[in-house]
Amino acid sequence: MKYWLMKCEPHEYSIDDLEKDGVEKWTGIRNYQVRNMFRDEFKVGDLALFYHSNAGKEIGVVGIMEVCKEAYPDPLQFDKKSAHPDPKSDLANPRWLTVDVKFIGKFPRTLTLSEIKSDSKLANLHLVQKGNRLSVMPLLKTEFNYLVKKAIK
DNA sequence: GCCAACGTTGGC
DNA sequence: GCCAACGTTGGC
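The opening position of the first sequence corresponds to residue 32 in the working numbering, with each subsequent residue numbered one higher.
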């Protein structure tokens, strides 16, 4: 079982939206590294932290979700009216994948990026390493547990 | 809105 | 395969 951190801009889709929806697909990934993680590493039962990016003062980790369906083609790549169409993707051989995630819980507060940055125990997180722009990244089990503990404290 | 740091594209 | 130009991410 693996652990992940997944970023989304809350004005596009937030933890509250996921709480309402229960289950939703994580669409719009147009980065090959993330696509490959979806394809090769994401398994049903994996846990992921929901991270709000580009959110002013509320940038940070906001809740927990669970992977509940493994990788399948992202329908938005074939939808010209969507925010993420890819005219070069082929129906017979889709370029981009999505996974389904299920709402597990929302933290009572946002564990902010600045808190994470100022915690020396978290200096190894991909999240705070220079130049990392991946919107989905793996976490160690210890990192996942530490972040959750810190968020609910 | 700015811009640093990446990733992608495409001509050669 | 190189690399310039362009696009994207995401914190500030």
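Heads up, the beta-carbon is just placed ideally off N, CA and C, and yes, glycines get one too.
Selection V132, L122, S120 evaluated against S45 yields V132 as nearest (Cα-Cα). Beta-bridge analysis with DSSP links W35 to A79, P169.
Ranking N62, P104, S113, M68 by CA distance to the CA of D121 puts P104 first.
Under the three-state reduction of DSSP output, I95 falls in the strand class. The beta-carbon separation of L78 and E97, rounded to 6 angstroms, stays under the 8 angstroms limit for a contact. Around the beta-carbon of I183, fewer than 16 other beta-carbon atoms lie within 10 Å, marking it exposed. Sequence-distant partners of E55 (beyond 5 residues in either direction) whose C-beta falls short of 8 angstroms from its own C-beta, in its chain, are Y44, D48, L49, D131, V132. In summary, V75 is exposed, with fewer than 16 beta-carbon neighbours lying within 10 Å of its beta-carbon over all protein chains present.
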